[in-house]
Amino acid sequence: MKFKKLRFWGIIMAAAISMAGCARTTSVDTTLSNEAEVSGPTETPEATEISKATAATEVTEATEAGRLVAGFVIEENDTKDTQKKKMYPYVVRTESTVWYLAADDIELMGEEAFFAGLEEVLGMIDQDYADARKALEDYISEEVQPVVIYTDFCNKAEISATAGAYCHPVSHFIKVFGDWKQAEYALLHEYVHYLTFIYTKEKPDSNFASEGIAEYISMLVCENRMCKKANFGAPEEYLEKLKNTDFWDAEEDAIKLKDIYLYNGLVYANGAYIGQEYQNVELAIVERTDEMQQYMHANDCSYEEAGCITAYLVETYGLDTVMDNLDKNLMTMSEMVYGKEFSEVYKDFVIWIALISG
Ligand SMILES: [Zn+2]
Numbered sequence: 001m002k003f004k005k006l007r008f009w010g011i012i013m014a015a016a017i018s019m020a021g022c023a024r025t026t027s028v029d030t031t032l033s034n035e036a037e038v039s040g041p042t043e044t045p046e047a048t049e050i051s052k053a054t055a056a057t058e059v060t061e062a063t064e065a066g067r068l069v070a071g072f073v074i075e076e077n078d079t080k081d082t083q084k085k086k087m088y089p090y091v092v093r094t095e096s097t098v099w100y101l102a103a104d105d106i107e108l109m110g111e112e113a114f115f116a117g118l119e120e121v122l123g124m125i126d127q128d129y130a131d132a133r134k135a136l137e138d139y140i141s142e143e144v145q146p147v148v149i150y151t152d153f154c155n156k157a158e159i160s161a162t163a164g165a166y167c168h169p170v171s172h173f174i175k176v177f178g179d180w181k182q183a184e185y186a187l188l189h190e191y192v193h194y195l196t197f198i199y200t201k202e203k204p205d206s207n208f209a210s211e212g213i214a215e216y217i218s219m220l221v222c223e224n225r226m227c228k229k230a231n232f233g234a235p236e237e238y239l240e241k242l243k244n245t246d247f248w249d250a251e252e253d254a255i256k257l258k259d260i261y262l263y264n265g266l267v268y269a270n271g272a273y274i275g276q277e278y279q280n281v282e283l284a285i286v287e288r289t290d291e292m293q294q295y296m297h298a299n300d301c302s303y304e305e306a307g308c309i310t311a312y313l314v315e316t317y318g319l320d321t322v323m324d325n326l327d328k329n330l331m332t333m334s335e336m337v338y339g340k341e342f343s344e345v346y347k348d349f350v351i352w353i354a355l356i357s358g
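Take the sequence shown: its letters are residues 1 to 358, numbered as in full-length UniProt numbering.
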């Protein structure tokens, strides 16, 4: 599951821009609203969503079938389930994915914009997904099957209230919410969930382990063309400011993904979130307190902290150690595997990230 970044961009950007000496501000965008937390994913496309299906629209007549998008054929959905066919009239198959395109999403965006966004994503996704498989190849022993992806830009799934995208923990399909930009921001992260939910020897059984490895592989190991294309999901107003900072690659005219990601981790490590709300790896909106920062618990970590701490653990103890212990709770196994309690691991991580970011 990938969180929706928008509401936290104020804090991240204020810190990043401040560090870069562009605009001296540490203020937080207080216009960013808090949404209620929702419970974990429970729905399946077969059950809940079909009950939410709306009336047929003209796009359900599969007028686009046969068309080529980024070299891939838009196929008519040949399922015998008429409701599902109505809801997802088109299917696209690539090397790593099987897409189900929602009629409502095409109607929402308009055919031209919908298929233009799809084309951009299809042009990058197989390369990005191959990179993730390569990064985890020593831990995957069988052939990885294409992952099923549903578009849900109408945000029908309940989890879309807090998540930008998600990979169903039982059915293992990916669902993308919001728009194509948000999808580009999240799709590789969700694919790492797919790989670790099914194919790695040890499966993550805590949110920290699950989000940590997904963030680490997608944001700090792989090039992540899609996320770079979406400029890390940053809203335009912040992108303009970023262009005057060291976080902008003028040559590529794109955000420096790894640099800004590590800087995000540094912002948390330095305690900049004390007194501020943020979203933790359990997707809960919480306020970071002094005491939390002093004695960090794995569940209190943000996505960026989990990703950067996983990078620290890989660099210090090796990827084999991290992958072999993916199924163990860091709070109880830390002493045994890493020789110290998690709060001590966190303190060492703070020193590490300050060094590599400096
Ligand atoms: Zn996730």
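The beta-carbon is built from N, C-alpha and C at its ideal position, and this holds for glycine as well.
Fair warning: this is a prediction, and the values are worked out from it, not measured in the lab.
Cβ neighbours of residue i in the same chain (closer than 6 angstroms, five flanking residues each side left out)
{"i": "Ser96", "result": "Asp126, Tyr129, Pro146"}
{"i": "Gly123", "result": "Ala70"}
{"i": "Val322", "result": "Leu313, Val314"}
{"i": "Asp259", "result": "Phe247"}
{"i": "Asn329", "result": "Ser206"}
{"i": "Ala214", "result": "His189, Val192, His193"}
{"i": "Lys229", "result": "Glu184"}
{"i": "Trp180", "result": "Gly117"}
Whether residue i touches residue j by CB criterion (8 angstroms)
{"i": "Glu223", "j": "Asp131", "result": "yes"}
{"i": "Cys308", "j": "Gly265", "result": "yes"}
{"i": "Ala165", "j": "Lys175", "result": "yes"}
{"i": "Glu291", "j": "Glu277", "result": "no"}
{"i": "Ala311", "j": "Leu220", "result": "yes"}
{"i": "Tyr199", "j": "Val144", "result": "yes"}
{"i": "Phe153", "j": "Leu108", "result": "yes"}
Span of the beta strand (DSSP E) around residue i
{"i": "Asp152", "result": "147-152"}
{"i": "Val286", "result": "285-287"}
{"i": "Phe177", "result": "174-177"}
Close beta carbons around residue i, own chain, < 8 angstroms, minus the five adjacent residues each side
{"i": "Val350", "result": "Ala269, Asn270"}
Where the alpha helix (DSSP H) through residue i begins and ends
{"i": "Gly164", "result": "Element bounds for Gly164: not the alpha helix (DSSP H) but the beta strand (DSSP E), 163-167."}
{"i": "Phe342", "result": "342-357"}
{"i": "Thr196", "result": "180-198"}
{"i": "Asp320", "result": "319-324"}
{"i": "Ala234", "result": "Neither: Ala234 is in no alpha helix (DSSP H) and is coded neither H nor E."}
{"i": "Asn224", "result": "It is not in any alpha helix (DSSP H) - Asn224 carries neither H nor E in the DSSP assignment."}
{"i": "Ala157", "result": "Here Ala157 belongs to no alpha helix (DSSP H), and DSSP marks it neither H nor E."}
{"i": "Met331", "result": "330-338"}
Beta-ladder partner(s) of residue i, from DSSP
{"i": "Leu68", "result": "Val73"}
{"i": "Val98", "result": "Arg93, Val148"}
{"i": "Ser302", "result": "Asn280"}
{"i": "Ile255", "result": "Trp248"}
{"i": "Ile140", "result": "Thr200"}
{"i": "Ile274", "result": "Arg288"}
Sequence-distant residues of its chain with Cβ nearer than 7 angstroms to residue i (five each side left out)
{"i": "Leu239", "result": "Asn231"}
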